[in-house]
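Structure first, commentary second.
2 protein chains.
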Amino acid sequence: MPNHTSILKDKTILIAGAGLAGSLLACYFAPLGCRVLVLERRGDPRAKGFVGGRSINLALSARGIDGLEGVGLADRVLAGAIPMRKRVMHSTSGELTDQPYSANPEDAINSVSRSGLNLTLLEAADEHPGVEIRFNQRVLECDFDAPSVTTLDEASGQQSVERADLVIGADGAFSAIRMAMQVSGRFNFSQDYLEHGYKELMIPPAADCGVDPDLHDGFALEPNALHIWPRGGSMMIALPNLDKTFTCTLFWPYQGEHAFDAVSESKKDIRAFFERHYPDAVPLMPTLADDYLANPIGSLVTVRCWPWQRGGKVALVGDAAHAIVPFYGQGMNAAFEDCRVLHRCIVEQDGDIPAALDEYQRLRKPEAEAIADMALENFVEMRDKVGRPEFLYRKKIEQTLHKAFPGKVEPQYNLVSFSTVPYTRAQQRGRDLAGVIETIAEQLPANGNSDEPGWSEAVRRLGKDLLDA
Amino acid sequence: MPNHTSILKDKTILIAGAGLAGSLLACYFAPLGCRVLVLERRGDPRAKGFVGGRSINLALSARGIDGLEGVGLADRVLAGAIPMRKRVMHSTSGELTDQPYSANPEDAINSVSRSGLNLTLLEAADEHPGVEIRFNQRVLECDFDAPSVTTLDEASGQQSVERADLVIGADGAFSAIRMAMQVSGRFNFSQDYLEHGYKELMIPPAADCGVDPDLHDGFALEPNALHIWPRGGSMMIALPNLDKTFTCTLFWPYQGEHAFDAVSESKKDIRAFFERHYPDAVPLMPTLADDYLANPIGSLVTVRCWPWQRGGKVALVGDAAHAIVPFYGQGMNAAFEDCRVLHRCIVEQDGDIPAALDEYQRLRKPEAEAIADMALENFVEMRDKVGRPEFLYRKKIEQTLHKAFPGKVEPQYNLVSFSTVPYTRAQQRGRDLAGVIETIAEQLPANGNSDEPGWSEAVRRLGKDLLDA
Chain S
147 MPNHTSILKD KTILIAGAGL AGSLLACYFA PLGCRVLVLE RRGDPRAKGF VGGRSINLAL
207 SARGIDGLEG VGLADRVLAG AIPMRKRVMH STSGELTDQP YSANPEDAIN SVSRSGLNLT
267 LLEAADEHPG VEIRFNQRVL ECDFDAPSVT TLDEASGQQS VERADLVIGA DGAFSAIRMA
327 MQVSGRFNFS QDYLEHGYKE LMIPPAADCG VDPDLHDGFA LEPNALHIWP RGGSMMIALP
387 NLDKTFTCTL FWPYQGEHAF DAVSESKKDI RAFFERHYPD AVPLMPTLAD DYLANPIGSL
447 VTVRCWPWQR GGKVALVGDA AHAIVPFYGQ GMNAAFEDCR VLHRCIVEQD GDIPAALDEY
507 QRLRKPEAEA IADMALENFV EMRDKVGRPE FLYRKKIEQT LHKAFPGKVE PQYNLVSFST
567 VPYTRAQQRG RDLAGVIETI AEQLPANGNS DEPGWSEAVR RLGKDLLDA
Chain C
147 MPNHTSILKD KTILIAGAGL AGSLLACYFA PLGCRVLVLE RRGDPRAKGF VGGRSINLAL
207 SARGIDGLEG VGLADRVLAG AIPMRKRVMH STSGELTDQP YSANPEDAIN SVSRSGLNLT
267 LLEAADEHPG VEIRFNQRVL ECDFDAPSVT TLDEASGQQS VERADLVIGA DGAFSAIRMA
327 MQVSGRFNFS QDYLEHGYKE LMIPPAADCG VDPDLHDGFA LEPNALHIWP RGGSMMIALP
387 NLDKTFTCTL FWPYQGEHAF DAVSESKKDI RAFFERHYPD AVPLMPTLAD DYLANPIGSL
447 VTVRCWPWQR GGKVALVGDA AHAIVPFYGQ GMNAAFEDCR VLHRCIVEQD GDIPAALDEY
507 QRLRKPEAEA IADMALENFV EMRDKVGRPE FLYRKKIEQT LHKAFPGKVE PQYNLVSFST
567 VPYTRAQQRG RDLAGVIETI AEQLPANGNS DEPGWSEAVR RLGKDLLDA
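So the sequence lines, in the order shown, correspond to chains S and C. Letter 347 of the first sequence, counting from 1, is numbered 493 in the working numbering, and no numbers are missing. Letter 210 of the second sequence, counting from 1, is numbered 356 in the working numbering, and no numbers are missing.
Structure (structure tokens):
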């Protein structure tokens with residue numbers, strides 16, 4: 147291995163955006179010997195004590211951890227994370243159903259705080275002497291030839307032009323760098339909104355909502371789980387936080403029966419609506435009506451574009467290149483994988499930036515498409531299928547096969563969340579496995595037999611034949 | 147019928163764009179009693195003597211004529227148009243094949259000059275006392291609540307804010323009004339570029355390229371035709387102009403064998419390339435190499451978006467809402483149909499603008515989708531299929547059926563170009579007819595028999611059975 151500490155010597159890398167991807171990318175670039183200038187539109191979160199932006203809970207999994215590991219930050223971040231090893235489904239009658247994510251008890255997705263993680267990454271970037279982070283910088287223009295970025299300092303009102311050798315748009319789903327690409331000609335682009343929006347609510351610690359604190363280690367619900375209230379076209383989920391609260395998120399259509407426009411602004415109506423649809427959660431949410439009225443409805447968008455780079459000088463990473471819906475918990479994980487791959491391409495191309503960008507987009511674009519599609523599909527699974535007995539029966543077949551043929555059978559969810567095999571491959575293997583499971587379910591229909599010892603054996607036998615075929 | 151001359155009394159309609167759609171729309175709105183303010187980014191073409199912008203030849207057909215007729219301008223425009231009644235295909239060996247557009251000799255698409263048409267519409271709009279047109283006005287922002295538009299006068303450098311009761315974005319494929327919608331939340335949008343670009347060339351009058359002027363009434367080629375040099379992945383077309391020239395347009399991929407990047411900047415190479423692929427056209431193009439080098443390569447984009455209006459106050463028409471590729475000759479025609487439908491909705495809703503916009507977008511969106519898809523499909527037909535015997539055989543079956551069952555069988559091309567039945571219906575009927583033709587072609591394969599009298603009879607007999615089924 148060559149020494150990489152100077153392959154970008156005397157170069158300036160300009161990163162638009164000091165969010166999760168931008169901060170991590172700064173950590174990847176700094177050791178290559180370049181100057182890294184990070185321009186962030188928002189104020190310094192270290193001064194204000196918080197980071198704005200989207201606040202949907204983050205589930206850190208294998209790809210994200212791998213991305214952090216590349217700059218030695220995985221342990222620091224995981225120390226402040228809560229592992230979630232299963233889904234717990236809450237039915238309308240309050241019945242709970244567990245669905246483990248994996249046969250391997252080590253496998254978990256990790257609930258982390260977006261603002262805390264952003265702070266960790268920002269501080270890690272700032273520790274590098276070659277990294278400079280400027281806040282309150284609104285990107286006005288991007289010149290793809292120079293390349294350079296014109297920014298407005300929103301504190302001083304001053305405009306300035308920053309030249310660089312490489313400009314990276316890590317500025318999120320509404321990227322200003324991508325917007326400049328969009329009007330620069332021959333740039334394919336789409337943004338597609340769901341008919342659903344999201345709104346966050348809160349479950350306080352057990353003691354604050356009348357739950358015995360000894361029951362769940364101070365939490366109001368089992369903490370090492372992702373809780374889902376699947377309701378067909380709508381759902382609520384809850385993820386645990388270190389302070390023993392849960393952040394709940396409603397994913398509801400804007401219009402319809404079980405929808406944002408179906409609930410009036412009367413606190414009585416709000417509580418009545420939740421009593422009807424989420425009765426077991428209502429006692430756990432003493433500030434329900436106030437939170438519902440105070441918190442905004444966020445929209446959910448999928449962004450696809452191509453190319454991801456211009457002239458070997460300007461490129462996009464993370465949400466700027468491929469914003470996805472949050473239902474596979476992969477937005478941040480995919481972005482961190484982008485960072486690690488982009489770094490690897492630059493090292494492998496020995497600092498030849500145009501060659502590296504070309505390779506980077508070639509490798510990553512199909513992966514981004516695959517996870518975008520899987521994330522959309524997983525919404526249907528979470529809000530609807532997980533509540534159905536026929537789905538749970540298929541999950542049981544899947545887990546039985548997974549245990550019986552551990553190398554051969556790996557569910558799509560596990561490949562996406564607990565491995566770093568390419569998303570495209572996870573998608574393909576998922577489709578293949580779904581075919582096998584469907585055939586077994588047809589030949590071995592559910593009839594209360596799945597607790598008999600003979601059932602598992604029959605699944606294994608059918609599975610072996612189908613997998614060998 | 148109520149009197150409509152005052153249904154928009156005391157209202158201000160602001161139209162962004164004084165191109166084809168914007169100018170025509172001003173003519174539609176002015177008689178409703180409102181003030182119409184048209185803001186155009188370019189300079190006044192009456193001062194400069196020309197209109198800039200895209201210059202692909204325009205083929206005015208039934209929908210466009212219908213749109214002009216609604217404001218009494220059809221005859222004026224058609225007086226300066228050249229009817230084209232057939233396609234003439236030019237093979238690589240210089241052989242010509244005619245393909246009439248219709249069994250009805252009255253049916254024609256009409257070659258018109260974009261700049262001349264724009265001037266006519268602009269002057270017609272300006273004749274209305276209630277219409278004011280301002281040039282050199284760049285739209286900087288659009289406030290959807292007011293609604294209002296902030297513009298920069300590029301001549302004086304002055305910014306101003308214009309309030310209105312309705313803002314219409316008629317500002318083309320790269321619409322600034324649509325761009326404002328795009329960042330306003332929950333606006334679905336896509337722009338997709340073809341791998342092909344276009345470049346314009348010129349065939350002078352017969353006398354200037356050594357063709358006998360008596361042969362084609364002073365033209366170098368038959369004037370009442372759209373000429374096509376289909377070459378598989380690439381093509382050239384030529385449309386006649388009033389001054390007895392033809393405007394040729396290359397539609398080539400950017401990269402490949404028969405592509406823009408396959409031709410060097412040497413005049414000798416350019417001529418050699420055309421000698422190889424378009425030998426019969428080379429003698430007709432004395433300025434070929436100079437034109438090739440001087441003229442830019444334009445890109446070809448399909449734009450789709452939704453919704454087309456915001457809050458009942460701001461709406462899109464024409465290319466701003468649905469830019470399409472030019473291969474069905476329907477971009478302008480669809481835009482003019484938008485104008486007529488929008489006017490009708492406002493009249494039918496008795497001046498209730500929000501209700502009219504809602505109805506307008508509900509009616510037009512599926513039509514725009516249909517013609518966008520058919521335009522993409524027609525590119526394959528023009529550049530590739532029209533050169534193949536099996537296609538020409540199917541066209542012959544189609545025309546035989548069309549003649550035999552005139553009310554029942556109307557080819558898709560005819561419904562799109564020579565009628566105003568909805569695009570969606572033309573698309574569906576086209577698909578149905580294609581199925582019938584395919585069945586006949588299978589049962590009656592081409593074997594040089596299509597000139598025998600018995601062949602037509604067999605087609606009619608099979609057609610009758612299939613159509614009655």
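Glycine included, every Cβ here is placed at the ideal spot set by N, Cα and C.
Between which two residues does the beta strand (DSSP E) holding residue i run?
i, result
"C:G343", "N334 to I349"
"S:D299", "S294 to D299"
"C:M230", "I228 to M230"
"C:E308", "Q305 to R309"
"C:R377", "A371 to R377"
Within the continuous alpha helix (DSSP H) that includes residue i, where are the two ends?
i, result
"C:A602", "For clarity, residue 602 of chain C is Ser in the given sequence; the question names Ala instead. From DSSP, the alpha helix (DSSP H) with C:S602 extends over P599 to D614."
"C:V463", "From DSSP, C:V463 is part of no alpha helix (DSSP H); its letter is neither H nor E."
"C:D498", "No alpha helix (DSSP H) contains C:D498, which DSSP labels as neither H nor E."
"C:P386", "Run containing C:P386: none in the alpha helix (DSSP H); it sits in the beta strand (DSSP E), S380 to P386."
"C:E584", "Y569 to Q589"
"S:C451", "Unbroken run through S:C451 is the beta strand (DSSP E), G444 to W452; no alpha helix (DSSP H)."
With DSSP as the reference, identify every bridge partner of residue i, one or two as the case may be.
i, result
"S:W398", "S:G343"
"S:H236", "S:L242"
"S:F392", "S:I349 and S:P386"
"S:D289", "S:S294"
"C:A162", "C:L185 and C:G315"
"C:R284", "C:L298"
Find the residues of chain C that neighbour residue i, judging by a C-beta separation of less than 9 angstroms, and give them in chain order.
i, result
"S:S336", "N334, F335, S336, Q337, D338 and R450"
Looking at chain C, is there any beta carbon in it that lies within less than 8 angstroms of the beta carbon of residue i?
i, result
"S:S306", "no"
"S:F320", "yes"
"S:D504", "no"
Nearest chain S C-beta to residue i closer than 8 angstroms, yes or no?
i, result
"C:G581", "no"
Residue i touches chain S at which residues, Cβ-Cβ below 8 angstroms?
i, result
"C:S445", "G331 and R332"
Could you name the residues of chain S that residue i contacts, counting a contact when the two beta carbons are closer than 9 angstroms?
i, result
"C:F406", "Ordered by position in chain S, no residue passes the 9 angstroms Cβ test against C:F406, which lies about 12 angstroms from the chain."
Using the rule of at least 16 other Cβ atoms within 10 Å of the residue's Cβ for burial, across every protein chain shown, is residue i buried or exposed?
i, result
"S:P293", "buried"
"C:R309", "exposed"
"C:P552", "exposed"
"S:E494", "exposed"
"C:I323", "buried"
"S:Q337", "buried"
"C:K541", "buried"
"C:V307", "exposed"
"C:V197", "Model confidence at C:V197 stands at a pLDDT of 45, short of 50, so the residue's coordinates are unreliable; what they give is reported in the following sentence. With 16 or more Cβ atoms within 10 Å of its Cβ, C:V197 is classed as buried."
"S:V329", "exposed"
"S:E544", "buried"
"S:V141", "Nothing can be reported for residue 141 of chain S, as the shown portion of chain S is limited to 147 through 615."
"C:L312", "buried"
"S:K155", "exposed"
"S:G600", "exposed"
"S:S563", "buried"
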